[in-house]
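Novice: Starting off with a structure, shown below.
Protein chains in written order, with my numbering: chain A, 4 to 188; chain B, -4 to 449.
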C-alpha cells in the first residue's frame, strides 16, 4: 500500500504491480482448471465407448457434450484476464485421463469388479476434481472483483454439480451388477 | 451521488475487501476493518484492520482468524475489536505500539447467521456490545451458501430469560446427509433437534440476540436486553441513551415472515445505573415483528416460503415500540450520532443502510431498491431524511456509473466535523444466490463546506 498523493484516494491492492502479480497467480491456477477438465473429458470419452446399456450411454453422452463445452469455457477464462490458454496443459490432461483409465483397470482387477464400473467410479472422482478447480477459479474471480469470471464458471459448476450426483448414483446403482454378478452393462 | 447542499464528498480509500466498520482515533488516524470471511462467507480475504495515519502512511494490522473483525472502536489509546468466527464471538483490544492482542470476552454463543454489534463506549466509560441470533428465522435451518451447518452443527440460539416453548417445530431437509430426508428442528436447539410443548429453556447471561455492557477490561458483564435479531449497529447519544439497529425477518424458507420492518430500538435498560439491571428487556425475537405484531399475524403471511408458528408460550413483556421503523430489508447497519453544530443535525442518528437481499430474501418487487443509502434519523420523533444516496435508488452497479453500493458503517471524526461512510462494495444477488466481490469497497468522507466570509 503506497503513501497517497494529496487528495487522491488510496488504492488497496489495486495498483498495477499488485494487480499483475495477482493475475499471474490466477493464470497458474487456470492451467490447473484446463488440465483437470481435459483429463475428465478424455476419461469420459473412453468410458462412453465401453458402456452398452442405452440409458447409461445416453446419460454419459449428454455429459460428454457438456464436458466439451466446459473445456472451451476453461480456455475462455484465460482471455478474461488477458492471457492465452495453455496447449501443454490440455495435452497433459488428455494423458492424465488415459492414466486414470489404466488406474481404474488395476483397481477393478484387485477389487473383483467386472466391466466398465470402475471407470464410472474414476469419472466420479475426476469430475469432482475438475469441478473443484472451476470453483476455485470462481472464488479467485470474486477475490479480484472480476464478474466476467463468474459469468463463465457459474453455469459450468451448476452442470458439473448435477453430473456429480448422476455419476454417484449410477456408480452406486451398478456396483452390485459389476461386483456380485460379474456382468458388464 | 447525492448529498445535501453544503456538503462535499471525497473517496479516501478504494479497493477494500469486505469492509465492516470504521473508527477514528483522537489524533485523526482512521481505521477500517476488513471482515475476512463475511457476507457471504466466501471468498475469505485477509482479515485485518487498515490504519490510515494523519501523515498519509498506511499500515495493515493483520490477524490469523477465520472469520474476522466486524466492529472496531478507539478508546483511551487502544483499538477495541469484535470478532466473528467459530462457536463464540470474541471481544478484544489491540495495542498499536506493542502489537499485543488481548481477548477480553470469549463466551457469547455464535457460529450462525447474525453478527456481533459494537463495541462502543458510553459517556459512563462502559463498553457496550451485542450479538445477533444464530438462527436466521428463529430456528436453526439450512441456509445454503453460508454452510453454517457444516461448520457449526451444534450452534443454536440461547434466550436471555427462562422461557417455555410451545412445542412448535419446523420441518426441513437435512443437506448434510447423503439422503437429504426431512428432519424436525425446534427453537433454541441445534439443527435436527426437536422441542417439546411445555419445555423450559433456561435463560443465560451468555445468550445471543442480545446487548450487554461491561467495564473496559471485559469484567462485570451485565445483560441489558435480548430478543433483538441482529443488533449490528449500536450508538449512544450525548444524553447517554443507547440505540441499536435491528434487521427484519426474511420472506423465504421454512419459517417465512413478510413485511417485517427494519427497526431501531431504544435500549432503555442502558439508562439504569450500572449493575442494577436484574431482568433484561425482551424485544420480540423470535416471535414478534418490528411493528409489534406476532410473526403469524395475517399481515405477515408470506408469499414465498412456509408461514410461521409461535415458539414461546407466555412470552415476557415486549419492550417496544421501536424508536424508528424502516422499509423491510433496508438492512440498517452501523450508525453514529452527530455531536457537532458545525456538521449539523446534532442529536440525529446517521445510519448506513446496506440494502436489500431481494430477490433472494423477498419476492416483492418493491423491496428491490430498499436501502443502499445513508439516512439521518430523529429518534425522538421516529422520522428520517435521506442524507447520502445515488441519483437512482439502488446500488450504483445496478445502473452503471459510479456511486455507492452498500453502506455498512458510518462514523463521525473525533471532532465531529466529518462523517466517514464505509461502503462494503458490490454484492450480486439473485433469487437463489449471493456473491460478494472483493476489492470493491470504498471509504468516503463527507465534510461540511467552510463558509466564505471574503
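The C-beta atom is built at its ideal place from N, Cα and C for all residues, glycine as well. Please read these numbers as outputs of a predicted model, since none were measured by experiment.
Excluding the five sequence neighbours on either side, which residues of its own chain have a C-beta within less than 7 Å of the C-beta of residue 129 of chain A, listed in chain order?
Specialist: Position 126 of the first chain, counted from the first residue, corresponds to residue 129 of chain A. 42, 43, 46 and 103, listed in sequence order.
Novice: Report the residue from B:431, B:329, B:407 and B:312 whose alpha carbon sits nearest the alpha carbon of residue 352 of chain B.
Specialist: Numbered from 1 along the second chain, position 357 holds the residue referred to as residue 352 of chain B. Here the closest residue by C-alpha is B:431.
Novice: Within the same chain, show all residues whose beta-carbon is closer than 7 Å to that of residue 1 of chain B, passing over the 5 residues directly before and after it, in chain order.
Specialist: For the purposes of this step, residue 1 of chain B is identified with residue 6 of the second chain, where counting begins at 1. The answer, listed in chain order, is 443 and 444.
Novice: Secondary structure at residue 141 of chain A, three-state DSSP: helix, strand or coil?
Specialist: Residue numbering aside, residue 141 of chain A sits at position 138 when the first chain is read from its first letter. The answer is helix: DSSP assigns residue 141 of chain A an H, G or I state.
Novice: I want to see whether chain B comes within less than 8 Å of residue 155 of chain A, judged by CB atoms only; does it?
Specialist: Mapped onto the first chain, residue 155 of chain A falls at position 152. With 8 Å as the cut-off, residue 155 of chain A does not count as an interface residue toward chain B.
Novice: Residues of the segment 39 to 65 of chain B in Cβ contact with chain A at a cutoff of 9 Å, in chain order, please.
Specialist: 39, 40, 45, 47, 50, 51, 52, 53, 54 and 55
Novice: Between the segment 7 to 37 of chain A and chain B, which residues of the former have CB atoms less than 8 Å from a CB of the latter, in chain order?
Specialist: 7, 10, 12, 13, 14, 15, 16 and 17
Novice: Please classify residue 434 of chain B as buried or exposed, where buried requires at least 16 other C-beta atoms within 10 Å of its C-beta.
Specialist: Working through the second chain from its first residue, we reach residue 434 of chain B at position 439. By the 10 Å Cβ count, residue 434 of chain B comes out buried.
Novice: For residue 240 of chain B, report the span of its beta strand (DSSP E) as first-last.
Specialist: Here residue 240 of chain B is taken as the residue at index 245 of the second chain, counted from 1. First-last of the beta strand (DSSP E) with residue 240 of chain B: 237 to 241.
Novice: Note down, in chain order, every chain A residue with its Cβ under 7 Å from the Cβ of residue 37 of chain B.
Specialist: Start at 1 with the first residue of the second chain, and residue 37 of chain B comes out as number 42. Within 7 Å Cβ-Cβ: 142.
Novice: Can you tell me which of the three DSSP states residue 405 of chain B falls into?
Specialist: For this step, residue 405 of chain B is matched to residue 410 along the second chain. Strand.
Novice: Would you kindly report the start and end of the unbroken beta strand (DSSP E) that includes residue 17 of chain B?
Specialist: Locating residue 17 of chain B in the second chain gives position 22, counting from the first residue. Segment 14 to 19, the beta strand (DSSP E) holding residue 17 of chain B.
Novice: Sorted by chain position, which residues of the same chain lie with C-beta nearer than 6 Å to residue 144 of chain A's C-beta, five sequence neighbours on each side aside?
Specialist: For this step, residue 144 of chain A is matched to residue 141 along the first chain. Here the set comprises 152 and 153.
Novice: What's the C-alpha gap between residue 222 of chain B and residue 203 of chain B?
Specialist: Translated into positions along the second chain, residue 222 of chain B becomes position 227. Translated into positions along the second chain, residue 203 of chain B becomes position 208. About 8 Å.
Novice: How many angstroms separate the CA atom of residue 414 of chain B from the CA atom of residue 59 of chain B?
Specialist: Here residue 414 of chain B refers to the residue found at position 419 of the second chain. Here residue 59 of chain B refers to the residue found at position 64 of the second chain. In a straight line, the C-alpha of residue 414 of chain B is about 30 Å away from that of residue 59 of chain B.
Novice: How should residue 247 of chain B be labelled, buried or exposed, when 16 other C-beta atoms within 10 angstroms of its C-beta is the threshold for buried?
Specialist: One-based indexing of the second chain puts residue 247 of chain B at position 252. Buried, because 16 or more other Cβ atoms sit within 10 Å of the Cβ of residue 247 of chain B.
Novice: Under a three-way DSSP split, which group does residue 83 of chain B fall into?
Specialist: Stepping through the second chain from its first residue, residue 83 of chain B is reached at position 88. Correct three-state label for residue 83 of chain B: strand.
Novice: Would you decide whether residue 94 of chain A is buried or exposed? Buried here means 16 or more other CB atoms lie within 10 Å of its CB.
Specialist: Indexing the first chain from 1 puts residue 94 of chain A at position 91. The residue is exposed, with fewer than 16 neighbouring Cβ atoms inside 10 Å.
Novice: If you run the structure through DSSP and keep just helix, strand and coil, what is residue 28 of chain B?
Specialist: For the purposes of this step, residue 28 of chain B is taken as the residue at position 33 of the second chain. Reduced to three states, the DSSP call for residue 28 of chain B is strand.
Novice: Helix or strand or just coil, what does DSSP make of residue 176 of chain B?
Specialist: The residue given as residue 176 of chain B occupies position 181 in the second chain. Coil at residue 176 of chain B, not helix or strand.
Novice: Would you check if there are 3 or more beta carbon pairs closer than 8 Å linking the segment 334 to 352 of chain B to the segment 269 to 281 of chain B?
Specialist: With a cut-off of 8 Å, the segment 269 to 281 of chain B and the segment 334 to 352 of chain B do not count as touching, because too few Cβ pairs lie within range.
Novice: In or out: residue 239 of chain B buried (at least 16 other Cβ within 10 Å) or exposed?
Specialist: Within the second chain, residue 239 of chain B is the residue found at index 244, counting from 1. A residue is called buried when at least 16 other Cβ atoms come within 10 angstroms of its Cβ; residue 239 of chain B meets this threshold and is buried.
Novice: So, under 8 Å CB-CB, residue 127 of chain B and residue 109 of chain B are touching, yes? Tell me the CB distance rounded to an integer number of Å.
Specialist: Residue mapping note: residue 127 of chain B aligns to position 132 of the second chain, counting from 1. Residue mapping note: residue 109 of chain B aligns to position 114 of the second chain, counting from 1. Residue 127 of chain B to residue 109 of chain B, Cβ: 3 Å. Contact.
Novice: Which residue comes first and which comes last in the alpha helix (DSSP H) that contains residue 159 of chain A?
Specialist: To locate residue 159 of chain A, count along the first chain from 1; it is residue 156. Start and end: 150 to 182.
Novice: Of all Cβ atoms in chain A, is any one closer than 8 Å to the Cβ of residue 24 of chain B?
Specialist: Translated into the one-based positions of the second chain, residue 24 of chain B becomes position 29. Residue 24 of chain B does not count as touching chain A.
Novice: Quick one: is residue 116 of chain A near chain B, going by C-beta distance under 8 Å?
Specialist: Locating residue 116 of chain A in the first chain gives position 113, where the first residue counts as 1. Taking Cβ atoms only, chain B never reaches closer than 8 Å to residue 116 of chain A, which makes this a no.
Novice: Are there 16 or more other CB atoms within 10 angstroms of the CB of residue 166 of chain B, so buried, or fewer, so exposed?
Specialist: Taking the second chain and counting its residues from 1, the one referred to as residue 166 of chain B is at position 171. Its Cβ having fewer than 16 others within 10 Å, residue 166 of chain B is exposed.
Novice: Sorted by chain position, which residues of the same chain lie with C-beta nearer than 6 Å to residue 5 of chain A's C-beta, five sequence neighbours on each side aside?
Specialist: As a working mapping, residue 5 of chain A is identified with position 2 in the first chain. Residue placement at residue 5 of chain A cannot be trusted, given a pLDDT of 46 that sits under 50; the coordinates are not used to answer.
Novice: Quick one: Cα of residue 354 of chain B to Cα of residue 326 of chain B, how far?
Specialist: For this step, residue 354 of chain B is matched to residue 359 along the second chain. For this step, residue 326 of chain B is matched to residue 331 along the second chain. Taking the straight line from one Cα to the other gives about 14 Å.
Novice: Would residue 206 of chain B and residue 123 of chain B be called neighbours here (beta carbons separated by less than 8 Å)?
Specialist: Here residue 206 of chain B corresponds to residue number 211 of the second chain, with the count starting at 1. Here residue 123 of chain B corresponds to residue number 128 of the second chain, with the count starting at 1. Contact flag set, yes.
Novice: Quick one: is residue 400 of chain B near chain A, going by C-beta distance under 8 Å?
Specialist: Looking up residue 400 of chain B in the second chain gives position 405. False, the Cβ-Cβ gap to chain A never drops below 8 Å.
Novice: Do you know offhand how far residue 265 of chain B's Cα is from residue 158 of chain B's?
Specialist: Position 270 of the second chain, counted from the start, is the residue given in the question as residue 265 of chain B. Position 163 of the second chain, counted from the start, is the residue given in the question as residue 158 of chain B. Taking the straight line joining both Cα atoms gives about 23 Å.
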